[in-house]
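Below is one structure; the comments refer to it alone.
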Amino acid sequence: MFRPKHHWQPAEQQRHAVAGTLPTGRRHRDGESVDAFCERTVSTAGHTELDWLWPTCPDCLRAAERLNGIPS
Ligand SMILES: [Zn+2]
Numbered sequence: 121m122f123r124p125k126h127h128w129q130p131a132e133q134q135r136h137a138v139a140g141t142l143p144t145g146r147r148h149r150d151g152e153s154v155d156a157f158c159e160r161t162v163s164t165a166g167h168t169e170l171d172w173l174w175p176t177c178p179d180c181l182r183a184a185e186r187l188n189g190i191p192s
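FYI, the numbering used here numbers position 48 of the sequence shown as 168, with every residue one higher than the one before it.
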């Protein structure tokens, strides 16, 4: 089974990849600072449906692909 080593988190108008997995039901607090794969510390956004429509951070996507062995 595919187990990602990261999760996606809406923050600052983009969806960023964050290392590790969140236990089921757990989520970041609004405004929590998290270190994203793009080497930026981002402040997490709310958890409305709209936040998930933000574009994926391209730097995070590349880093996530590398981490999971997906050639880009
Ligand atoms: Zn990012």
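Quick reminder that beta carbons are idealized off the backbone N, C-alpha and C, glycines included.
Since we're looking at a predicted model, the values are computed, not measured.
Straight-line spacing of the CA atoms in D179 and F157 works out to 7 angstroms. Between ligand 1 and the CB of D179, the shortest heavy atom gap is smaller than 7 angstroms. Within the region 141-192, the runs of beta strand (DSSP E) that reach at least 3 residues and sit entirely inside it are, in chain order, 153-155 and 161-163. Here DSSP, grouped into helix, strand and coil, assigns Q129 to strand. The alpha-carbon separation between E159 and G145 amounts to approximately 26 angstroms.
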